[in-house]
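*Asks:* Per the numbering used here, the very first residue in the sequence shown carries number 309; after that it's consecutive. Beta carbons: idealized from backbone N, C-alpha and C, even for Gly. Nothing here was measured: the structure is a model prediction, and the numbers come from that model.
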Amino acid sequence: MLPSPSSSPVASPRGQRETLHNQTNTYACRTPSTKRQNKVDFSLPTPPKFEDASKRVRSSDGPSSRKRIKLSLQADALPEESEDESEDGDLEMEGIEMLRFRARANVPYCRNWQARLSCHPFGKGFPQPNTRQILRSFVSSNKADLFKCEARETGYALTIPYGCAYSYSAKHGGEPLLAVSTEAGSIHILNTRYRSDWESESSRTTIHAHENGIFDVKWNKLDTLLATASGDQSTRILCPRTSSCLHTLRGHSSTAKCVAWDPNHQDLLSTGGRDGSICLWDLRVAESRNGDFLAPIFKIDNAQRDVNEKKPRGRKPKMQPTLPSITSILYPETEPYQLISSGSADGKLKSWDLRQCHASDSKHPPMQYLCSSPSDPTVSHGSSRPRGVTSIVEGHGPSAGIIFAVGTDSRIHTYSLPSLTPRVTSYTKETMSTTSFYIRTAISPCGRWLACGGTGPKGKAILYDVGNVTRPSLSQSVVEGVELTGQLGEVGAVDWTEDMLATCADDGTVRIWRANIEVERQCREQPEEKHWDWCWAE
309 MLPSPSSSPV ASPRGQRETL HNQTNTYACR TPSTKRQNKV DFSLPTPPKF
359 EDASKRVRSS DGPSSRKRIK LSLQADALPE ESEDESEDGD LEMEGIEMLR
409 FRARANVPYC RNWQARLSCH PFGKGFPQPN TRQILRSFVS SNKADLFKCE
459 ARETGYALTI PYGCAYSYSA KHGGEPLLAV STEAGSIHIL NTRYRSDWES
509 ESSRTTIHAH ENGIFDVKWN KLDTLLATAS GDQSTRILCP RTSSCLHTLR
559 GHSSTAKCVA WDPNHQDLLS TGGRDGSICL WDLRVAESRN GDFLAPIFKI
609 DNAQRDVNEK KPRGRKPKMQ PTLPSITSIL YPETEPYQLI SSGSADGKLK
659 SWDLRQCHAS DSKHPPMQYL CSSPSDPTVS HGSSRPRGVT SIVEGHGPSA
709 GIIFAVGTDS RIHTYSLPSL TPRVTSYTKE TMSTTSFYIR TAISPCGRWL
759 ACGGTGPKGK AILYDVGNVT RPSLSQSVVE GVELTGQLGE VGAVDWTEDM
809 LATCADDGTV RIWRANIEVE RQCREQPEEK HWDWCWAE
């Protein structure tokens, strides 16, 4: 049985933790730094001032009031809720107007976007403006926005980054600290703040955590701990301030593929493995320690296996069928006691009620999932067989109540919470390829923009505007993605912070992308000259 939330120890308040030690460390190094993090002002300008249309609506009277109301809404690029052909054009014009920045502003763009939409006179159900032009303005400097992941071994120059995650503080305007996990078993913690081309990189922290590749890395809610899922079948809890390993978790019989912290309990987390099991951990339970390792408090075996699967008749096969791997897990914000998982065999998601955890013995049957997707969306687009899911993420803000899942059928599928029912809406592109299980997805803090990686010789990340995913009249329309190119090989891990995007590629680099309409315009006008210094959307 999971411990009560009230028993969790009280941690230090956010924003008062010490910064990372500015050198490469090992487990033996525990020298803390006394400096504290300061909030960094970003240089993205503010959109034009939003005029309250509701005042003009209240002052309208007489026979032609309806006409004047419609004209005033068009002036603010807030079209009527209709399905005519002019609606998409009006939403597109609103997105273009948002690009006319004021150079003197110094506030992150996502925050202004949220503030502007909050002034909407007709509430949440009104169509969201089209922001594809904003996504097309994302650029990356070849000098200031490019980070290289160096390997520990002397025979290799660079190592492949497998995963990345921004801290919770970074997603709310704090110091943009990005944790990157590599094939060499190291964690690089980068400060991706805006800097000039001639300014040197901020000192990074490197933690040598494993002797095998690290497939996933996550910050806890207070940004005081890091959890790593590795190919050595273990999960380790690291302290980024001291660069030390606090706990080693062992419970999987194969590679640990993914990890997720419980947002409501700072000492609880879950991991998914290639062995098809989900392990639940409590860092406070000393009784579950086995020597130097911590054992799981509960384990769900064969989590993604289809219970309706027919067993073959006749002789038993010489080779046992491979169990579906757990590819991604998440704790939904609206359901504090549930866990959602995806697998490598099909596109069905499963939800687990963690309050029903118990030992599997003769008195207690194996744990059953709370609910499962009633259908598989990966076979609804012409596929001859089910395809697996590589990564899932929960929407929020305008995309709240939706789960986005990247399938190996090169399509992003959507599911409704809490039933996990597949929706008609999906996102794809002709050049989009997500056939590798290293591909990840992430959603921006404002809840409007979705990013995912891609396979192929020329690395690319694809961005989508998902702000209208919950509107039946607009969700089924074709949403064209924006491609970000500039890296070589497969682009696997991606993650957002308040006003920037990080992408990791097989060429051993991490790129940071920011919205800059002026630079983007210059790059398109002078592509031969600017390609030496910048990368931009195609």
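In angstroms, rounded to a whole number, what distance separates the CA positions of Val-564 and Val-790?
*Replies:* Here residue 564 is Ala; the residue named in the question, Val, does not match the sequence. So the alpha carbons of these two residues sit roughly 32 Å apart.
*Asks:* Take the Cβ of Gly-584 as the centre, count every other Cβ of all protein chains shown within 10 Å, and call the residue buried at 16 or more, exposed below.
*Replies:* Its Cβ being crowded by 16 or more others within 10 Å, Gly-584 is buried.
*Asks:* Return the CA-CA distance between Lys-526 and Trp-804, expressed in angstroms with no decimal places.
*Replies:* Their backbone Cα atoms lie some 13 Å apart in a straight line.
*Asks:* Reducing DSSP to helix, strand and coil, say where His-518 ends up.
*Replies:* Correct three-state label for His-518: coil.
*Asks:* If you run the structure through DSSP and keep just helix, strand and coil, what is Cys-754?
*Replies:* DSSP places Cys-754 in coil when its eight states are reduced to three.
*Asks:* Does the separation of the CB atoms of Ala-801 and Val-567 fall below 9 Å?
*Replies:* No. Outside cutoff.
*Asks:* Can you tell which of Asp-531, Asp-540, Thr-514 and Thr-532 has the C-alpha that lies nearest to the C-alpha of Asn-520?
*Replies:* Here the closest residue by C-alpha is Asp-540.
*Asks:* Please look up how many angstroms separate the CB atoms of Ala-611 and Gly-559, rounded, as I've assumed it's under 8 Å.
*Replies:* At roughly 13 Å, the Cβ-Cβ gap does not stay under 8 Å, so Ala-611 and Gly-559 are not in contact.
*Asks:* So, is Glu-828 buried or exposed, given that buried needs 16 or more other C-beta atoms within 10 angstroms?
*Replies:* Buried: at least 16 other Cβ atoms inside 10 Å.
*Asks:* Can you give me the start and stop residues for the alpha helix (DSSP H) that Glu-833 sits inside?
*Replies:* Unbroken alpha helix (DSSP H) run through Glu-833: 825 to 833.
*Asks:* The alpha helix (DSSP H) that contains Ile-442, what's its start and end?
*Replies:* Segment 440 to 444, the alpha helix (DSSP H) holding Ile-442.
*Asks:* When you compare the CB positions of Pro-730 and Pro-682, do they come within less than 9 Å of one another, or not?
*Replies:* Against a cut-off of 9 Å, the Cβ pair of Pro-682 and Pro-730 comes out as a contact.
*Asks:* Between the stretch 641 to 655 and the stretch 714 to 733, can you find at least three pairs of beta-carbon atoms closer than 8 Å?
*Replies:* Contact between the stretch 714 to 733 and the stretch 641 to 655 is present, because at least three Cβ pairs lie under 8 Å.
*Asks:* Taking the C-alpha atoms as reference points, what is the distance between Lys-607 and Ser-508?
*Replies:* Taking the straight line joining both Cα atoms gives about 46 Å.
*Asks:* If we require 3 or more residues per run, which beta strand (DSSP E) segments fall completely within the stretch 489 to 533?
*Replies:* Qualifying beta strand (DSSP E) stretches, in chain order: 494 to 499, 513 to 516 and 522 to 527.
*Asks:* Who are the Cβ neighbours of Arg-544 in its own chain at under 6 Å, not counting the five residues just before and after it?
*Replies:* Correct list, in chain order: Ala-517, Thr-536, Cys-553 and Thr-556.
*Asks:* Does DSSP put Ala-897 in a helix, a strand or coil?
*Replies:* Residue 897 lies beyond the residue range present for the chain, which begins at 309 and ends at 846; the question has no answer from this structure.
*Asks:* Considering only their Cβ atoms, is the gap separating Leu-725 from Gly-709 smaller than 9 Å?
*Replies:* Yes; because the gap between Cβ atoms is below 9 Å, this pair is in contact.
*Asks:* Going by C-alpha distance, which of Glu-837, Tyr-474, Asp-773 and Leu-638 is nearest Asn-572?
*Replies:* Per the Cα distances, Leu-638.
*Asks:* Using the DSSP secondary-structure output, state which residues sit across from Gln-646 in a beta bridge.
*Replies:* Answer is Asp-661.
*Asks:* Do the CB positions of Ile-470 and Phe-523 come within less than 9 Å of each other?
*Replies:* Note on residue identity: the sequence assigns Tyr, not Ile, to residue 470. Against a cut-off of 9 Å, the Cβ pair of Phe-523 and Tyr-470 comes out as a contact.
*Asks:* Using only alpha-carbon positions, find the residue among Gly-755, Ile-720, Leu-758 and Gln-664 that is nearest to Thr-742.
*Replies:* That would be Ile-720, whose Cα lies nearest to the Cα of Thr-742.
*Asks:* Since Ala-487 sits in a beta bridge, which residues does DSSP pair it with?
*Replies:* The partner list for Ala-487 (beta bridge, DSSP) reads Ala-473 and Ile-497.
*Asks:* According to DSSP, is Lys-451 part of a helix, a strand, or is it coil?
*Replies:* Three-state result, Lys-451: coil.
*Asks:* Between the Cα of Asp-274 and the Cα atoms of Val-799, Ala-759, Pro-685 and Asn-776, which residue gives the shortest distance?
*Replies:* This structure gives no information on residue 274, because the portion of the chain shown stretches from 309 to 846.
*Asks:* With DSSP run on the structure shown, which of helix, strand or coil describes Val-790?
*Replies:* It is a strand residue.
*Asks:* Output needed for Arg-440: all residues of its chain with C-beta closer than 7 Å, excluding positions within five of it in sequence on either side, in chain order.
*Replies:* If we look at Arg-440 and ignore the five residues flanking it on each side, its Cβ neighbours are Gly-403, Asp-773, Glu-788 and Val-790.
*Asks:* Could you tell me which uninterrupted beta strand (DSSP E) segments, each at least 3 residues in length, are contained entirely in the stretch 705 to 743, listed from first to last along the chain?
*Replies:* Those beta strand (DSSP E) runs which fall completely within the stretch 705 to 743 and span 3+ residues are 710 to 715, 719 to 724 and 729 to 735.
*Asks:* Please name the residue in Gly-797, Tyr-723 and Tyr-746 whose C-alpha comes closest to that of Gly-703.
*Replies:* Checking every option, the nearest Cα to that of Gly-703 belongs to Tyr-723.
*Asks:* When the distance is taken between beta carbons, is Phe-455 closer than 9 Å to Thr-500?
*Replies:* Yes, they are a contact pair.
*Asks:* Have a look at His-480, Cys-457 and Ala-465 and flag the residue whose alpha-carbon is nearest the alpha-carbon of Cys-472.
*Replies:* For the residues His-480, Cys-457 and Ala-465, the minimum Cα distance to Cys-472 belongs to Cys-457.
*Asks:* Spatial neighbours of Thr-811 within its chain, please: C-beta separation below 6 Å, excluding the five flanking residues on both sides.
*Replies:* These residues qualify, in order along the chain: Ala-769, Val-799, Val-802 and Arg-819.
*Asks:* So, helix, strand or coil for Thr-686, using DSSP?
*Replies:* Thr-686: helix per DSSP, three-state reduction.
*Asks:* Buried or exposed: where does Val-786 fall if 16 or more other Cβ atoms within 10 Å of its Cβ makes it buried?
*Replies:* Exposed, by the Cβ-count rule.
*Asks:* Which residue marks the beginning of the beta strand (DSSP E) containing Trp-840, and which one marks its end?
*Replies:* Neither: Trp-840 is in no beta strand (DSSP E) and is coded neither H nor E.
*Asks:* First and last residue of the beta strand (DSSP E) that includes His-573?
*Replies:* Unbroken run through His-573: none, as it is neither H nor E.
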